[in-house]
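There are 2 protein chains.
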Amino acid sequence: MPTIKEVAKTAGVSVATVSRVLNNNGYVGEDTREKVSQAITELNYKPNAVARSLYKKQSRTIGLIVPDITNPFFPELARAVEDVMNRKGYTVILGNSDEKAEEEKAYLTMMEQKYVDGAILATNTMDNEQVHAFNKPVVAIDRAIDSTVPTVFSDNLSSSREAVRHLKDLGCQVIAHVRGPEHVNNANIRCQGYIDVVGETNWFHNGYIVNGNYSSQEAYQSALTLLKDHPEIDGIFAGNDLMAIGVLKAARDLNIVVPDQLAVIGFDGISLCETTFPELSTMAQPIYQLGETAAEMLIDLIEQKQLTKPYRKYSAQLIQRQSTNKSLIMSAHDDQS
Amino acid sequence: MPTIKEVAKTAGVSVATVSRVLNNNGYVGEDTREKVSQAITELNYKPNAVARSLYKKQSRTIGLIVPDITNPFFPELARAVEDVMNRKGYTVILGNSDEKAEEEKAYLTMMEQKYVDGAILATNTMDNEQVHAFNKPVVAIDRAIDSTVPTVFSDNLSSSREAVRHLKDLGCQVIAHVRGPEHVNNANIRCQGYIDVVGETNWFHNGYIVNGNYSSQEAYQSALTLLKDHPEIDGIFAGNDLMAIGVLKAARDLNIVVPDQLAVIGFDGISLCETTFPELSTMAQPIYQLGETAAEMLIDLIEQKQLTKPYRKYSAQLIQRQSTNKSLIMSAHDDQS
DNA sequence: TTGAAAGCGTTACCAA
DNA sequence: TTGGTAACGCTTTCAA
Chain A
1 MPTIKEVAKT
11 AGVSVATVSR
21 VLNNNGYVGE
31 DTREKVSQAI
41 TELNYKPNAV
51 ARSLYKKQSR
61 TIGLIVPDIT
71 NPFFPELARA
81 VEDVMNRKGY
91 TVILGNSDEK
101 AEEEKAYLTM
111 MEQKYVDGAI
121 LATNTMDNEQ
131 VHAFNKPVVA
141 IDRAIDSTVP
151 TVFSDNLSSS
161 REAVRHLKDL
171 GCQVIAHVRG
181 PEHVNNANIR
191 CQGYIDVVGE
201 TNWFHNGYIV
211 NGNYSSQEAY
221 QSALTLLKDH
231 PEIDGIFAGN
241 DLMAIGVLKA
251 ARDLNIVVPD
261 QLAVIGFDGI
271 SLCETTFPEL
281 STMAQPIYQL
291 GETAAEMLID
301 LIEQKQLTKP
311 YRKYSAQLIQ
321 RQSTNKSLIM
331 SAHDDQS
Chain B
1 MPTIKEVAKT
11 AGVSVATVSR
21 VLNNNGYVGE
31 DTREKVSQAI
41 TELNYKPNAV
51 ARSLYKKQSR
61 TIGLIVPDIT
71 NPFFPELARA
81 VEDVMNRKGY
91 TVILGNSDEK
101 AEEEKAYLTM
111 MEQKYVDGAI
121 LATNTMDNEQ
131 VHAFNKPVVA
141 IDRAIDSTVP
151 TVFSDNLSSS
161 REAVRHLKDL
171 GCQVIAHVRG
181 PEHVNNANIR
191 CQGYIDVVGE
201 TNWFHNGYIV
211 NGNYSSQEAY
221 QSALTLLKDH
231 PEIDGIFAGN
241 DLMAIGVLKA
251 ARDLNIVVPD
261 QLAVIGFDGI
271 SLCETTFPEL
281 STMAQPIYQL
291 GETAAEMLID
301 LIEQKQLTKP
311 YRKYSAQLIQ
321 RQSTNKSLIM
331 SAHDDQS
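Listed in order, the protein sequences are those of chains A and B. Just so we're aligned: 270 in my numbering is position 270 of the first sequence, and the numbers increase by one with no gaps anywhere. Just so we're aligned: 326 in my numbering is position 326 of the second sequence, and the numbers increase by one with no gaps anywhere.
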């Protein structure tokens with residue numbers, strides 16, 4: 001790879017001049033500019049980004065840390081982030097934290113050492129201390145780290161309420177909840193939304209809340225027990241789609257027909273929902289948009305622009321599919337009669 | 001962030017000495033080493049990776065280019081790559097190419113400018129010229145770029161044959177194929193595998209091959225037409241799982257019962273297969289392993305170790321689930337009788 | 001065993 | 001309008 005020096009030499013000018021035409025600043029005579037441009041194309045010169053970074057203390061690189069890219073929620077998010085970053089000339093470093101604090105910490109130090117310009121953290125185990133020790137712009141996705149960290153997230157509370165209300169509207173009498181892990185903030189909020197809607201009913205008790213740890217497998221097991229112990233349940237709100245899929249499986253194994261004996265709704269809006277049978281209703285977060293917004297905010301932060309709104313709350317949208325389809329329930333009843 | 005200079009100063013030694021203890025090479029007296037270590041921890045010093053890169057012309061960073069991280073095949077691959085890279089102290093840059101040659105080219109030049117140490121290319125549109133212009137170690141995944149580029153891939157030919165043979169063994173009489181895009185190498189090979197097995201049968205003609213472009217949607221449409229036009233079809237081999245899911249949907253819409261009226265098998269082994277109904281049989285590639293191997297090969301290449309085998313072929317494994325489950329077919333017939 | 005200094009490829013300041 | 005040069009933070013050679 002040719003360096004700026006060689007370009008200067010073949011153009012017969014100094015490196016300073018080459019640098020000027022490269023960055024398009026300072027005065028450069030029209031003819032010299034021409035000579036330099038020629039030399040550049042002739043040598044197929046590409047500026048060395050590392051040398052630039054060293055001097056400028058920035059790298060046009062950002063870090064994206066997710067718990068696990070294998071979790072279907074994150075590829076779409078990552079794609080959105082990468083799309084806007086790429087468009088703006090930034091490069092994305094990807095890290096899987098598995099929600100482990102030490103992993104996240106390791107990524108952050110690595111990023112500092114590499115002069116990363118900022119980071120997007122889609123993670124639930126980062127403490128404020130670490131984030132502030134990381135002395136660069138950060139945007140949190142999906143969870144507020146603390147009030148000083150710009151955040152983009154979904155309105156988990158009202159959306160989960162809406163999900164449960166949807167089940168109610170369908171005519172469900174006894175609605176259970178398969179919740180996510182207790183150490184995950186949004187899981188707690190979604191659970192709260194559920195309680196908000198059904199907590200005061202006369203049938204409600206805590207036994208209707210079981211933990212599925214945001215995992216399809218675990219939700220399957222929990223739902224199996226739950227549905228066996230409580231045949232009266234005719235609606236389930238799962239804290240995410242993965243768990244809802246587990247619930248669907250459990251119902252099938254128990255010969256419980258969804259939606260007519262049991263309505264099921266999930267949360268997140270991952271594309272998996274369309275491949276299940278019956279297709280899964282869900283409170284769909286605008287995943288791509290979340291990622292896009294986070295990326296745009298981070299860039300503004302990096303470029304020292306003022307953020308108009310450091311907190312960006314989106315609401316999830318009810319997508320009704322077969323797993324809570326009333327007309328489907330009706331026709332099923334019709335068939336039986 | 002403190003620099004090596006400050007460390008040297010507080011330790012009362014030269015930067016050269018600090019560098020020596022940092023890299024653990026050259027002679028350093030026991031007592032000086034101690035002093036330096038103290039200073040390092042005292043200042044919480046972290047070496048500047050960019051400065052290092054500039055000097056060493058390497059960055060402990062590799063690039064991973066995939067067509068689209070949103071395609072369920074790639075998160076697992078990416079995860080595998082990231083896992084081994086992370087373990088070995090490398091950082092992963094992620095790029096989505098959308099199979100566009102110019103995007104890929106742009107990523108490669110960016111990577112050169114950043115002194116990336118090598119790249120893993122999971123892509124189908126890279127021409128040899130570009131790859132060789134990129135003057136760094138490269139490992140291809142899923143497609144041989146050319147014989148000089150180390151590659152890890154699945155044995156698409158024999159695996160697709162096995163898939164079709166599986167359908168035959170089940171007793172399928174007329175087997176169709178929903179193939180992937182024509183410009184994608186492995187799609188052609190998988191199609192060839194299908195032809196190898198059924199091409200000589202008396203019922204076969206080209207109308208039984210339709211294109212689904214590796215997309216669930218398009219496969220759905222194609223399958224709809226195919227199944228309507230050819231009710232005699234009782235087995236479908238789809239070129240990937242996504243398309244198989246589309247086929248499943250089409251069958252459902254046409255009230256064709258899988259597996260007893262129509263057996264369906266996919267290819268890839270993405271986790272989606274377990275969430276469909278009926279659960280999808282597939283030729284499962286060892287996706288994680290492919291990624292792992294590619295990553296390990298790349299590291300060997302970077303560290304100038306001799307590759308024992310520059311071509312690594314894995315065979316996909318038949319995973320039989322409900323969509324081709326014979327006993328299930330049997331019991332279904334029993335039920336009807 | 002240690003230090004001085006050159007060099008990695010840029011940018012930006014100061015002079016000319 | 002241009003060039004010389006210090007500086008970015010590190011590694012390594014050479015000398016001491």
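Positions of the beta carbon are idealized from the N, C-alpha and C atoms, including for glycine.
Bridge-paired residues (DSSP) for residue i
i               : result
H177 of chain B : B:I209, B:F237
F153 of chain B : B:K313
L121 of chain A : A:I65, A:A140
M361 of chain B : In the structure as shown, chain B starts at 1 and stops at 337, and residue 361 of chain B therefore has no counterpart that could be examined.
G95 of chain B  : B:I65
Buried versus exposed call for residue i [16 or more other C-beta atoms within 10 Å across all chains shown]
i               : result
A244 of chain B : buried
I4 of chain B   : buried
N24 of chain B  : exposed
Y90 of chain A  : buried
K57 of chain B  : exposed
N128 of chain B : exposed
R52 of chain A  : buried
E104 of chain A : buried
P75 of chain B  : buried
G171 of chain A : exposed
G26 of chain A  : exposed
Q336 of chain A : Any reading at Q336 of chain A is ruled out, since the residue's pLDDT is 41, under 50, leaving its predicted position unreliable.
D234 of chain B : buried
Length of the line joining the Cα atoms of residue i and residue j
i               : j               : result
G29 of chain A  : T41 of chain A  : 18 Å
V21 of chain B  : R33 of chain B  : 6 Å
R79 of chain B  : T70 of chain A  : 7 Å
V198 of chain A : R165 of chain A : 9 Å
I256 of chain A : K313 of chain B : 44 Å
V352 of chain A : G269 of chain A : As displayed, chain A neither begins before 1 nor continues past 337, which places residue 352 of chain A out of reach and without an answer.
C216 of chain A : N240 of chain A : The question names Cys, but residue 216 of chain A in the sequence shown is Ser. Roughly 9 Å separates the two Cα atoms.
I371 of chain A : P67 of chain A  : The structure shown has nothing for residue 371 of chain A, since chain A only spans 1 to 337.
V15 of chain A  : A295 of chain B : 39 Å
G266 of chain A : N44 of chain A  : 53 Å
A122 of chain A : L301 of chain A : 17 Å
A219 of chain B : S281 of chain A : 23 Å
F73 of chain B  : S323 of chain A : 26 Å
T148 of chain A : L298 of chain A : 14 Å
A316 of chain A : C273 of chain A : 15 Å
D411 of chain A : N124 of chain B : It is not possible to answer for residue 411 of chain A, since the shown part of chain A is limited to 1 through 337.
For residue i, the nearest candidate out of the options (CA to CA)
i               : options                        : result
V139 of chain B : B:K309, B:L54, B:S216, B:T324  : B:K309
G95 of chain B  : B:K57, B:I120, B:E76, B:A133   : B:I120
T61 of chain B  : B:K228, B:F153, B:V92, B:L170  : B:V92
N185 of chain A : A:D155, A:T275, A:R143         : A:R143
V50 of chain A  : B:G63, B:L64, B:M111, B:L290   : B:M111
N156 of chain B : B:L167, B:C191, B:N128         : B:C191
E6 of chain B   : B:H177, B:V36, B:I145          : B:V36
A238 of chain B : B:H177, B:Y107, B:A122, B:Q322 : B:H177
Q320 of chain B : B:A263, B:V18, B:Q306, B:Y214  : B:A263
S159 of chain B : B:Q285, B:Q304, B:L290, B:Q322 : B:Q285
D98 of chain A  : B:I236, B:Y107, B:M297, B:D83  : B:D83
Y107 of chain A : A:H230, A:V152, A:I65, A:I145  : A:I65
V13 of chain A  : A:D31, A:K46, A:Y220           : A:D31
N188 of chain A : A:D300, A:Y214, A:V174         : A:Y214
Q113 of chain A : A:I233, A:L167, A:A219, A:L54  : A:L54
T225 of chain B : B:S323, B:L254, B:D234         : B:L254
R1 of chain B   : B:V18, B:K46, B:Y27            : Here residue 1 of chain B turns out to be Met, not Arg, going by the sequence shown. Ranking B:V18, B:K46, B:Y27 by Cα distance to M1 of chain B puts B:K46 first.
K88 of chain B  : B:S59, B:P72, B:Y115           : B:S59
P181 of chain A : A:N325, A:Q317, A:I209         : A:I209
Supposed contact pair residue j and residue i - C-beta distance, whole angstroms, cut 8 Å
i               : j               : result
D371 of chain B : K136 of chain B : This structure gives no information on residue 371 of chain B, because the portion of chain B shown stretches from 1 to 337.
N211 of chain B : S222 of chain B : 6 Å
P259 of chain A : P231 of chain A : That pair is no contact at about 16 Å.
T276 of chain B : L248 of chain B : 6 Å
F153 of chain A : I145 of chain A : With a Cβ gap of about 11 Å, F153 of chain A and I145 of chain A do not count as contacting.
Heavy atom of the ligand ZN within 8 Å of residue i beta-carbon
i               : result
R252 of chain B : In the structure shown, the ligand ZN is absent, as is every other ligand, since no ligand is present at all.
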